[in-house]
Amino acid sequence: MSEDIITPKALARLEQPSAVRFIRLGEGGGWAREAFEAGTIPFKYRNVSHDPCMAGDWDAVRGEIVASGRKAGAVGGDIRELQDFYASDDQCLWVTFAEGHLWWAFGEGPVVPVDDRGDDRPARMRRTLDGWHCHDVKGAPLRLQSLSSALTKVGAYRRTTCAVEQQEYLLRKVRGEEEPLVIEARELGTRLDDLTARMIAQLDWRDFEIMVDLIFARGGWQRQSAVGDGEVDHDLYLVSPTTSETAFVQIKSSATQRVLDDYCRRFTRSGADRFFFICHSPKGTLRLPDDTLISSARLWVGLSLARRALSAGLFDWLVDRIR
307 MSEDIITPKA LARLEQPSAV RFIRLGEGGG WAREAFEAGT IPFKYRNVSH
357 DPCMAGDWDA VRGEIVASGR KAGAVGGDIR ELQDFYASDD QCLWVTFAEG
407 HLWWAFGEGP VVPVDDRGDD RPARMRRTLD GWHCHDVKGA PLRLQSLSSA
457 LTKVGAYRRT TCAVEQQEYL LRKVRGEEEP LVIEARELGT RLDDLTARMI
507 AQLDWRDFEI MVDLIFARGG WQRQSAVGDG EVDHDLYLVS PTTSETAFVQ
557 IKSSATQRVL DDYCRRFTRS GADRFFFICH SPKGTLRLPD DTLISSARLW
607 VGLSLARRAL SAGLFDWLVD RIR
């Protein structure tokens, strides 16, 4: 299927699928692209005929597998996979991994045989309800790199099809639902950002300048002037040893828009590559001028400043400073 359109019927089935099964689309996923384009779920086992599987005559199926010379230890697994493929209803959610994505589909209708086209071709298949999908119901791509390895490890399964242990996690991903732990972590992160911003606002100007110096130092910048050394235009002058960029840094406990505008003008005359204006308690809302000459300027205030302090690992340092 060329268009990733999810039908209302598929959305309804996603509410409570009867089962969730991983399926490998050919050896090494060799049938995947063809299956995606045709909207089919292919299956092999060319040593077993279609009719006894369709009739549920598993003794006859066992006889065919044994007669084909299959090792005794593999017969049970073969039958189990054939039973899964034939007995699964249209409410079963099938998933596979290919082309860097998780793909999912619902079957529609019975298993049908496929004309013999060689030993490396599927012997039977199911039609899909509305094709294979590599996006969640909200349109976000289901990239493997963004999925938990607890789910993607099923792709290492050596046989053709198996149950998915991380079923609830997978369903949340396909439905476009956020993980409960992620929601909890985001709420905690918001509270932590706010707490950190309030701690920073409690610092005296000396500790505030030290904190800013630590943020840059831990980010790899090297100070070329002492903190608060009395320079008129800047509190810190920094150099990046990896890029040789220079930075003009102004640190203010409090500042107005007029003060920010003044330092932006000074930056354009400074010859520095970058400019950072840092203030924990601005008077009103500060905004960098819309000027291409200062496109490399950055404004750190309030929560944005707090997040950088946290990223630099300064939470405990802040707690010690405000005791």
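Under the working numbering, read the sequence shown as residues 307 to 629, first letter to last.
For each residue, glycine too, the CB sits at the ideal point set by N, CA and C.
Q.
Classify residue 494: buried if its beta carbon has 16 or more other beta carbons within 10 angstroms, exposed otherwise.
A. Counting Cβ neighbours within 10 Å, residue 494 comes out exposed, since fewer than 16 surround it.
Q | 6 Å Cβ shell around residue 629 - same chain, five flanking residues per side excluded | A | So no residue of the chain qualifies.
Q) Taking the alpha-carbon positions, what's the residue 602 to residue 586 distance? A) A direct Cα-to-Cα measurement between residue 602 and residue 586 gives close to 20 Å.
Q. Apart from the five residues on each side of it in sequence, which residues of its chain come closer than 8 Å, Cβ to Cβ, to residue 536?
A. At residue 536, the pLDDT of 49 sits below 50, so the modelled position is not reliable; the number obtained from the coordinates is stated separately. Closer than 8 Å at Cβ, skipping near neighbours: no residue.
Q: Go ahead and pull the three-state DSSP assignment for residue 413.
A: Strand.
Q) So, residue 377 versus residue 429, is the Cβ gap smaller than 8 Å? A) In this structure, residue 377 sits away from residue 429, with a CB-CB distance that is not shorter than 8 Å.
Q: Determine the extent of the alpha helix (DSSP H) in which residue 399 is found, giving its start and end residues.
A: No alpha helix (DSSP H) holds residue 399; the beta strand (DSSP E) holding it covers 398-404.
Q: Please look up how many angstroms separate the CB atoms of residue 545 and residue 528, rounded, as I've assumed it's under 8 Å.
A: Going by Cβ atoms, the distance from residue 545 to residue 528 rounds to 5 Å, so yes, they are a contact pair.
Q. Which of the three DSSP states, helix, strand or coil, is assigned to residue 326?
A. Of the three classes helix, strand and coil, the one that applies to residue 326 here is strand, per DSSP.
Q | Alpha-carbon to alpha-carbon, residue 564 and residue 402 | A | Between the alpha carbons of residue 402 and residue 564 lies a gap of roughly 58 Å.
Q. Near residue 489, what residues of its chain come up, given a Cβ to Cβ distance below 6 Å and the 5 sequence neighbours on each side ignored?
A. The beta carbon of residue 489 sits closer than 6 Å to none of the beta carbons in its chain outside the five residues before and after it.
Q.
I'd like the list of long-range same chain contacts for residue 484, defined as Cβ closer than 8 Å, with 5 residues on each side in sequence excluded.
A. Taking C-beta separations shorter than 8 Å and ignoring five residues to either side along the sequence, the partners of residue 484 in its chain run 478, following chain order.
**Q.** Continuous alpha helix (DSSP H) assignments of at least 4 residues falling wholly in the stretch 557-602
**A.** Those alpha helix (DSSP H) runs which fall completely within the stretch 557-602 and span 4+ residues are 563-576.
(Q) I need the straight-line Cα distance from residue 612 to residue 312, nearest angstrom please. (A) Taking the straight line from one Cα to the other gives about 42 Å.
Q: Check whether the stretch 312-323 touches the stretch 382-392, counting contact only when three or more Cβ pairs, one atom from each stretch, lie closer than 8 Å.
A: These segments do not touch.
Q: With DSSP as the reference, label residue 509 as helix, strand or coil.
A: Looking at residue 509 - three-state DSSP - the assignment turns out to be coil, as it is neither helix nor strand.
(Q) Quick check on residue 359: does DSSP put it in helix, strand or coil? (A) Here residue 359 sits in helix by DSSP.
Q: Can you give me the start and stop residues for the alpha helix (DSSP H) that residue 543 sits inside?
A: From DSSP, residue 543 is part of no alpha helix (DSSP H) but of the beta strand (DSSP E) over 542-545.
Q) In terms of residue numbering, what span does the alpha helix (DSSP H) encompassing residue 428 cover? A) In the DSSP annotation of this structure, residue 428 is not part of any alpha helix (DSSP H), being labelled neither H nor E.
**Q.** For residue 392 and residue 708, the rounded distance between their alpha carbons
**A.** A query on residue 708 cannot be resolved here, the shown segment of the chain reaching from 307 to 629 and no further.
Q: Taking residue 469 as part of the beta strand (DSSP E), name the residues at either end of that continuous run.
A: Residues 467-469.
Q) What's the C-alpha gap between residue 427 and residue 361? A) Those two C-alpha atoms are separated by around 23 Å.
Q) Would a C-beta distance cut-off of 8 Å place residue 370 and residue 355 closer than the cut-off? A) In contact: residue 370 and residue 355 (Cβ atoms closer than 8 Å).
Q.
What would DSSP say about residue 552, mapped onto helix, strand or coil?
A. If DSSP states are grouped into helix, strand and coil, residue 552 belongs with the strands.
Q: Give the secondary structure of residue 633 by DSSP, where H, G and I count as helix, E and B as strand, and everything else as coil.
A: As displayed, the chain neither begins before 307 nor continues past 629, which places residue 633 out of reach and without an answer.
Q | Assigned secondary structure, residue 420 (DSSP; H/G/I helix, E/B strand, else coil) | A | Reduced to three states, the DSSP call for residue 420 is coil.
Q) Among 573, 610, 617, which has the Cα closest to the Cα of residue 597? A) Minimum Cα distance to residue 597 is reached at 573.
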